[in-house]
Every structure is written in structure tokens, then in C-alpha cells.
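Quick notes on the structure that follows.
Protein chains in written order, with this note's numbering: chain A, 44 to 448; chain B, 44 to 448.
Structure (C-alpha cells):
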């Protein structure tokens, strides 16, 4: 899910020193704003979350590309995955720790053509790149929420996106598009607001988190909480280098394995080792280990450990059917054209999950399509297969745009 | 790889309290011996390991079943996997923390018929159930090896098994059989001692560890070392409850996910939750999480964190071709009938790894067979699919036994 984890991210980079570690990689007020815009809600009354928690003064950081047309009919919402943020497109810089995670997909003449569509991407609620999350200051206490931040749900994320849409004057999205956790948001948009979307593009996602996914999520959370520097979630006043970087980096390791695929790793790394340490030492690392460590080291510089826990739990709680009489009934609320996309080698969100959604929608008479991208990249294929994704998504959006709104 | 992790191990057990945690789950001299027999080697000179480390007074704990015939022609070596031990068959008891890990496979009238064959199973070098490992006392210091225990290799394990065979009067095994790390040992036997085996049955294993497997291994090791109670490996004098149980349990979680399969978990656990804690809490656990935690809690009572690191590294270092001019040349030394077995749903040791070995052996003119067990259980299928494994393995051993030795 990490845009920086692309196939040309050479493992030899693993020798690069990344500098001292912050206690959190969260964006903080006062940091460069870059392309972010901000909208603050619920200043006079708290936002009541699906789980019962309450948040005041919720701020959503978002970015936009292109121009909204006079009829507000050309708006596309792009939703990010677990460790993504609002910077779906654009260069890396002081304000944006990575280049746009979907830079190949969002831009002039690209799959989501910013010459034609007004594209919006919001950092999710609970995130750490400008939207209210655990690293934000609780207005009630004047200190970061930390361990007191409530668990949020995908539905809560959609609610904050709905508020942004209202402020932008968008009553109906041309399409909601996203992969992984972003696809969960796309599906929830179709269920929560069937009249406010014209089309959905859920990619490498599911109608509910499976126990397989929940197991890996648990492993990620355990890695974070095992780190004594996590301090139960209240680590924001830790000195540089004394935050829960090791735990968050370990969580990233297991995630990064599951985001890719066996044969891809074999072709890329084999059993290479450039480590000068003797093989017969526990400290020795094969190249795949250096690569995984490097991915962890990078993440901790742009992410927050508490956000990782909260968003990871939000994904586990994802279940379209919750309090709606089950998955089939929930999916029965979706009635717009839907392009379901799978990645062939995805073992974390296996194609059968997307196929089930497609079959249910089809059985309900919805104009549902199913696209399998043949890719060696596993789950991260949704980030890396821009070339294969471009034409089908561009054609689909074009078809929707030309249909009667 | 854990026999206790069988499909009827009901997650409701997860509510059972397992009592106070030892600093290590290793078997210690003075503990009940049970069915173990012991053989000590290298009392007058150190055993020099493949990686250059040295060990004195190496003890191997092993068990046997059946009777060795007069010609010593009916001996079968069974090799255990990462967290297994010499107790391949027999009941659980004071001396044996689990029932035999292959109890359905080894016994009178079973696949490896103890009425007919003399079966031997050795706890591996570096292990913790009676054979010399990191929890053993270093005769040079009078204290447990801990962090000073050297990295061992699969080849070193085979060397100690070779010494046991010599003491038992076995010059040639009828067959060497094992799954996962046990299969690595079986293949090494064929390469290291082609004249000392008549047949091999490597199951759910590989000619070398893949980067995918190494990645998951890294995650297991990181989980252990993240635990501050690990103390760099020197935790044996910790008070009960103050050993690296949390880290080892976390390592077990990621392992246990990879040992099974997506659809099996879905069928077994779905999104069930019997937790009384509210879903919208980071402390809430779905049933799959309680199951995984329970597997971790069980392992720490019978395993040692340092052994986990050492054996896990031995698996990563497994490479038939090392210092032998590559895999193909190494496999070229195997010339005995070989039954390669895959588990269809195994994503950790995917069938293509066993198929490659089979294809190489076949190309070399070896009587190699390939069997795919259709199973939903993933990698653990080698432990759980006794019914499907029995006839093919029994027939294969029978054929070998009846052939000219």
C-alpha cells in the first residue's frame, strides 16, 4: 500500500541512512501545508462516531485536482489505503513525505483525468497527515489524544468525506474509487449514500474483512504494542529516537510481505545477500530482509503508531452488513454501475472476495463488471499496475460521465 | 506445525487459563524424561559446525518405536519441523508437553508402521526438548548458552542424526521422512549421505528457503527481539512470568497464520466474536484473534525463544546448493526413490517448490514421484492430512522395503 514500495525501489537503498527518528511521523500543525486544504467540522457539537466515541473540532485534510464544472457533475472521490494520505498525486516535497501514491493514475490524460474531472482525496479520519487522528491535540485537554483516541469505522470516514463534499458543493460523485481500505470506503459510499454516487470502482477489497486479514492485522498491532517505547499509546512527548519506531517498523514488515507475492520476491531478491556480516549469525540479513527493514524505516518517518492501530482496527471492523441485516442486504442498496477489480496474485484480498461482491450485485440486477488484473505484484498491484488499470478505469468513467446523471 | 493446532482445537478453549509462564518452555535436565533417550557426543573434542561455531558435549534426545531387524534394514528416520520435537508419536504427559505431532502417522498399522519398521525421531540440534540448544548449559561456563549459542544449519542437524544412527547400528535408513523443516533434513540426507538412505519423503518443503519464507522468518525473529524481556537472549534467570513470552507468542501468531489458509479460517471463524469487550475498542478480539493468541500462549509453555531464533535462522539458511555448485548439482547427488509431497493450499511452501525438486530429480533419471494432497489446511496439511498421506506413504515404504537394498 506504500507508493514508495514500488518495484524500482532498489534494495541497495537499504544502505542509505534515513536520519534520526521522530516520536511520530504524523504531520503536525506548523509543518509545511503543501497541497493540503483543511476543513474543520463539529466545532459547536461533537461528531458522534459509529462506535459511540465523540470528537470535537474534526479537521479533514484533503487535496483536489482539476476544476469542478458548473453542474458539479464531474467530481471523483479517490480514497486512500491504510498508510496513504490525501496526496494521491503530485511530487514529494517538504510538505508531502512521498510522491502521490497514485501519481500514475491521477493527472492530465491519466486514468482519472484531471483535465476532465475534479478529483478529491481526503486523508481519512484517524489518519496522521492532516486529518484529526490520535496525534492531534484533543481540544478538551490541550494534549494529543494518544491512547484516548476513539476507534473509528470506515463509515465514520465516509461521513467526514460527505461533509467535505457538501462544503465543496458536490451533491453526487461521478465515481468513488479506491483500493484496499480505499475500496472499503468506495463500497460504503454505495451503501450509505446510494443517491450520492453515480459509479463505484472498488479495487482489491472486500465486503467485509476476513479472519485471514484480521489475523495479519492483529500481528501488526501486536508488533506496535510489544515495543516498550509505545507506552500504551502516549508517546508523543518522547525524545527523538525514543518513540515506538521499532514496533511500527515491525508491523510494516509483516504488512509488506502480505502486500506482495512469493514469486515476485523470488525473482527480485532470490537468496541474495550483500550483508558483510557472516551468514551464520543471527544479525545477518538477506536482501529481502534489508528491503523489508528499509520499508519499515521509511514508514516510521511519515506515519503514526496510534494511527496504525486505529486504522488497522477500522479495517478489521469493516463489514458492510453490520446492523444492516447482513452483507447481501447491504449490497442490495448499491444500484449504480460498479467496476470491481482484482489483482490475480493478491493473497491478502484474494480475488474471490471481489468476485463475491460482483456476483451479488449482478444477481441484484446491478450493472456490475469484474476485472482481473494479471499481475505478479500481489495486493500492491492496485498501486503498481497503473498501465493495466488505466484503460479500463478511464473507459468506465467516460461511460458513466456520458450517461444520464 | 503444531500438533496441538489441529482443526478440532476449539477456539472456546481460548478462555482457559494456562497458568504462570516460565522464562523458557525448554525441557531441562531433571524434568521427567518420558520416552526420550539421550546420546551425548563430542565429549573429547568439540563438534565443529558448518558455520564455524563449536559445541562440546552435544546431547541428542531421541525416541524410537518398533524393533530394529537383524540386518538393520527397517529403520525409518522421521524429522520434525520448527516447533516439533522427538515425540512424533505417543500420548501427552508430564514429560511430553504435547501428544505425538505425527501420532496419526506413526504407529502400529499406520503409514509408518511400527509393527514393521524401526522408527527414530531426534530432537534437532538447537532445539529445546532435550537436545543441546541455547537453553542448555554450556559446559565451558556452567551457564545456559543463551545469546552465545552458535547458529546451526540443517546440515549440522543431519550430522547429529548421523551420529545417532551410528550408535544405533543403522548404516542405511530405509527412508528419511519429514515435513517443512523436517523435509529440509530429508533432502539434506539424500545429498549429504546418498549411500546411507534408500528413499526420501520430503513433504511441504523446498530445496532452499525462498525470500517469501525468509521474510516471514524475519518477522518471527523481530517479534521475539522486540520483547524487552528477551534481554538480548540472556533471560534464563528471569522470574516466572518475566521471560520473553509475549515476543515468542507474537512470533507464533504470524507463523500460525502462514501455516493455515484463508478459506479455512473463513469457514472456521468467519467474523465471530465471543469477546465481551465492545467491538469498537482496540482490546476487542475476534475469534480468530483469540485462537491465534491461544496458539501463542501454548507455544511459550513448551518452547524456548532462543531456539526459535536459531532454528528459524537455520531454515532461512537452508540451501541445498550452498558450497556445492548450486541446487541442480546438489540434487544431482540424490539417486534414491523420492516421494515429493505438496499440500494444495500451502502458500508458505507453495507446491511449485516441491514440483521443482521433482522435475530436477526426474530429469536426472531418479525414480521421483510427486503427490499433491488436496487440502484446505495450508502448510499444516502435512500434520493434519494423515488420512490422505497414509496410503501413498505406506505403499511407497512397502515398495522400497521389498526392493533390493
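Think of the CB as a built atom: it goes at the ideal place given N, C-alpha and C, for glycine as much as any other residue.
In the DSSP assignment, the alpha helix (DSSP H) including residue i goes from what residue to what residue?
i: residue 232 of chain B; result: 224-235
i: residue 385 of chain B; result: Segment 381-386 is the beta strand (DSSP E) holding residue 385 of chain B; no alpha helix (DSSP H) there.
i: residue 438 of chain A; result: 429-445
i: residue 407 of chain A; result: Premise fails: residue 407 of chain A is in no alpha helix (DSSP H) and is neither H nor E.
i: residue 336 of chain B; result: 330-342
Going by DSSP, which residues form a beta bridge with residue i?
i: residue 122 of chain A; result: A:221
i: residue 104 of chain A; result: A:81
i: residue 415 of chain B; result: B:385
i: residue 362 of chain A; result: A:251
i: residue 72 of chain A; result: A:74
i: residue 97 of chain B; result: B:91
i: residue 377 of chain A; result: Partner(s): none; residue 377 of chain A has no beta bridge.
i: residue 245 of chain A; result: A:221
Looking at residue i: is its Cβ nearer than 7 angstroms to the Cβ of residue j?
i: residue 162 of chain A; j: residue 109 of chain A; result: yes
i: residue 198 of chain A; j: residue 217 of chain A; result: no
i: residue 286 of chain B; j: residue 269 of chain B; result: no
i: residue 207 of chain B; j: residue 231 of chain B; result: no
i: residue 343 of chain A; j: residue 68 of chain A; result: yes
i: residue 276 of chain B; j: residue 349 of chain B; result: yes
i: residue 165 of chain B; j: residue 103 of chain B; result: yes
i: residue 247 of chain B; j: residue 422 of chain B; result: yes
i: residue 124 of chain A; j: residue 149 of chain A; result: no
i: residue 254 of chain A; j: residue 308 of chain B; result: yes
i: residue 418 of chain A; j: residue 386 of chain A; result: yes
i: residue 70 of chain B; j: residue 172 of chain B; result: yes
i: residue 403 of chain B; j: residue 371 of chain B; result: yes
i: residue 187 of chain B; j: residue 279 of chain B; result: yes
Would you say residue i reaches chain A, if we count a Cβ-Cβ gap shorter than 7 angstroms as a contact?
i: residue 257 of chain B; result: yes
i: residue 98 of chain B; result: no
i: residue 308 of chain B; result: yes
i: residue 167 of chain B; result: no
i: residue 51 of chain B; result: In this prediction, residue 51 of chain B has a pLDDT of 34, which is less than 50 and means its spatial position is unreliable; what the coordinates show is noted afterwards. Taking Cβ atoms only, chain A never reaches closer than 7 angstroms to residue 51 of chain B, which makes this a no.
i: residue 341 of chain B; result: no
i: residue 56 of chain B; result: Model confidence at residue 56 of chain B stands at a pLDDT of 46, short of 50, so the residue's coordinates are unreliable; what they give is reported in the following sentence. No, because no Cβ of chain A sits closer than 7 angstroms to the Cβ of residue 56 of chain B.
i: residue 300 of chain B; result: yes
i: residue 496 of chain B; result: Absent from the model: residue 496 of chain B. The displayed extent of chain B is 44 to 448, so no value can be given.
i: residue 271 of chain B; result: yes
i: residue 206 of chain B; result: no
i: residue 316 of chain B; result: no
i: residue 248 of chain B; result: no
i: residue 231 of chain B; result: no
i: residue 161 of chain B; result: no
i: residue 261 of chain B; result: yes
i: residue 387 of chain B; result: no
i: residue 107 of chain B; result: no
i: residue 253 of chain B; result: yes
i: residue 125 of chain B; result: no
i: residue 400 of chain B; result: no
Could you pull the start and end residues of the beta strand (DSSP E) that residue i belongs to?
i: residue 528 of chain A; result: Any answer about residue 528 of chain A is impossible in this case: the structure gives chain A only from 44 up to 448.
Does any C-beta atom of chain B lie closer than 7 angstroms to the C-beta of residue i?
i: residue 94 of chain A; result: yes
i: residue 293 of chain A; result: yes
i: residue 67 of chain A; result: no
i: residue 323 of chain A; result: yes
i: residue 200 of chain A; result: no
i: residue 445 of chain A; result: no
i: residue 223 of chain A; result: no
i: residue 283 of chain A; result: no
i: residue 382 of chain A; result: no
i: residue 296 of chain A; result: yes
i: residue 354 of chain A; result: no
i: residue 439 of chain A; result: no
i: residue 44 of chain A; result: Annotation note: pLDDT 39 at residue 44 of chain A (below 50); position unreliable, no value reported.
i: residue 394 of chain A; result: no
i: residue 59 of chain A; result: In this predicted model, residue 59 of chain A has a pLDDT of only 47, less than 50, meaning its place in the structure is not dependable; the value taken from the coordinates is given anyway. By this cut-off, residue 59 of chain A is not an interface position.
Quick one: is the Cβ of residue i within less than 6 angstroms of any heavy atom of the ligand ATP?
i: residue 156 of chain B; result: For the structure depicted, the ligand ATP is absent and the ligand set is empty, with no information on it obtainable.
Q | Inside the region 118-200 of chain A only - beta strand (DSSP E) runs reaching at least 3 residues | A | 118-122 and 161-165
Q) If you scan the region 271-309 of chain A from start to end, which runs of the alpha helix (DSSP H) of 4 or more residues do you find wholly inside it? A) 288-302
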